[in-house]
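Peer 1: Before we start, here is the structure in question, set down as structure tokens.
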Amino acid sequence: MGMEWYDMIAKRNGGYRGRAKFKIEGISAEQIYEEQLIRMLPAYDSVLDAGCGHGEFTLQMAAYAARITGFDNSKGLLAIAQRALASSGVTNVDFVYATTKTELPFEDGQFDLIYDRRGPTSILEHKRVLRKGGVVFGIHTDVSKVKERLLANQYDAMEIREFNDAWVVFPDETQFALFLSDAPGNPDYTVPEMREQLELRVRENTVDGRIAVRERKYIWRAENH
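To get our numbering, take the position in the sequence shown, counting from 1, and add 88.
Here it is in structure tokens:
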């Protein structure tokens, strides 16, 4: 997805966040990932947040880390992150504009831990910025590129776990349409001309009389040896 889409999301949604209201039934993989990351962070001196978006998660994790650098390729999202940082009182976070499509503006071995919360899996192609013995830790909905890039770049001690027990449940079609529209690559399901397609998606995702989507995500970890 091009950075124009992310800049549009930043302007429309006030950050890389969805607009839909929903509830989670079961234990979300996102919750598991966050809890594991919080336990990991104190052990690392220099941490990179790959694809930090509007910086909200970065600032939350700063409470557990010595120092975090967040980068993103959306100037719109980074502008929101910088404003949030300035008003937060947090002193151990930096936000940097960067894209994995070019050489990253970081030193060799600069980071002990890289975490990737639904950010660019192409960060795995920039192995030089992770020190020997360092760890990459991520969560994504599609693990195919993760596997491919971990193997191609010769990471070690790879662990990939699938989580699909939780459900995302929506109160009505309007909220489901917002949820779909905020997913990268999707059209705007809230406009009248998409009504027929929205109704089809509603039928496909009606479970026991409710509109619900099973959460399918992967948490992965590997080391740089």
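Even glycine gets a Cβ: it sits at the ideal position worked out from N, Cα and C.
For Asp260, which option in Arg289, Ser116, Ala151 has the closest C-alpha, if you only look at C-alpha atoms?
Peer 2: Position 172 of the sequence shown, counting from 1, holds the residue named residue 260. The candidate whose alpha carbon is nearest that of Asp260 is Arg289.
Peer 1: Are Leu125 and Phe225 close, meaning C-beta to C-beta below 8 angstroms?
Peer 2: Residue 125 sits at position 37 when you count from the first residue of the sequence shown. Residue 225 sits at position 137 when you count from the first residue of the sequence shown. Contact: yes.
Peer 1: I need the straight-line Cα distance from His228 to Gly207, nearest angstrom please.
Peer 2: On the sequence shown, residue 228 is found 140 positions in, with the first residue counted as 1. On the sequence shown, residue 207 is found 119 positions in, with the first residue counted as 1. Approximately 8 angstroms, taken between the alpha carbons.
Peer 1: If contacts are defined as beta-carbon pairs under 8 angstroms, then Leu173 and Leu147 qualify, I think. What distance do you get, rounded to the angstrom?
Peer 2: Numbered from its first residue, the sequence shown carries residue 173 at position 85. Numbered from its first residue, the sequence shown carries residue 147 at position 59. Leu173 to Leu147, Cβ: 7 angstroms. Contact.
Peer 1: What did DSSP end up calling Arg100 once you bin it into helix, strand or coil?
Peer 2: By one-based count along the sequence shown, residue 100 stands at place 12. The answer is helix: DSSP assigns Arg100 an H, G or I state.
Peer 1: Per DSSP, Phe264 is paired with what?
Peer 2: As a working note, residue 264 is residue 176 in the sequence shown. Bridge partners of Phe264: none, in fact.
Peer 1: Could you give the DSSP three-state label for Gly146: helix, strand or coil?
Peer 2: Looking up residue 146 in the sequence shown gives position 58. The question names Gly, yet the displayed sequence has Thr at residue 146. Thr146: helix per DSSP, three-state reduction.
Peer 1: In chain order, what residues of the same chain lie with their CB nearer than 8 angstroms to the CB of Ser134, ignoring the 5 residues before and after it?
Peer 2: Residue numbering aside, residue 134 sits at position 46 when the sequence shown is read from its first letter. Taken in chain order, the residues that qualify are Ala154, Arg155, Thr157, Gln198, Phe199, Asp200, Leu201.
Peer 1: Classify Ile307 as buried or exposed, calling it buried when 16 or more other Cβ atoms lie within 10 Å of its own Cβ.
Peer 2: Translated into the one-based positions of the sequence shown, residue 307 becomes position 219. So Ile307 ends up on the buried side.
Peer 1: Who pairs with Ala138 in a beta bridge, going by DSSP?
Peer 2: For this step, residue 138 is matched to residue 50 along the sequence shown. When DSSP reads this structure, Ala138 sits in a beta bridge with Phe159.
Peer 1: Distance check for Val301 and Ile115, CA to CA, integer angstroms please.
Peer 2: Position 27 of the sequence shown, counting from 1, holds the residue named residue 115. Position 213 of the sequence shown, counting from 1, holds the residue named residue 301. As the crow flies, the alpha-carbon of Ile115 is around 14 angstroms from that of Val301.
Peer 1: Lys233 lies in the alpha helix (DSSP H); which residues open and close that run?
Peer 2: Reading the sequence shown from its first residue, position 145 is the one you call residue 233. Counting along the chain, the alpha helix (DSSP H) containing Lys233 begins and ends at 232-240.
Peer 1: Starting from Met282 and walking both ways along the alpha helix (DSSP H), at which residues does that stretch end?
Peer 2: Numbered from 1 along the sequence shown, position 194 holds the residue referred to as residue 282. Unbroken run through Met282: none, as it is neither H nor E.
Peer 1: Check whether the stretch 274-283 and the stretch 95-106 are in contact - that is, three or more C-beta pairs closer than 8 angstroms.
Peer 2: no
Peer 1: Take Val234 and list the residues in its own chain whose beta-carbon comes closer than 8 angstroms to its own, dropping the five residues that flank it on each side.
Peer 2: For this step, residue 234 is matched to residue 146 along the sequence shown. Excluding sequence neighbours, Val234 sits near Thr209, Leu212, Gly226, His228, Ile248, Tyr306, Trp308.
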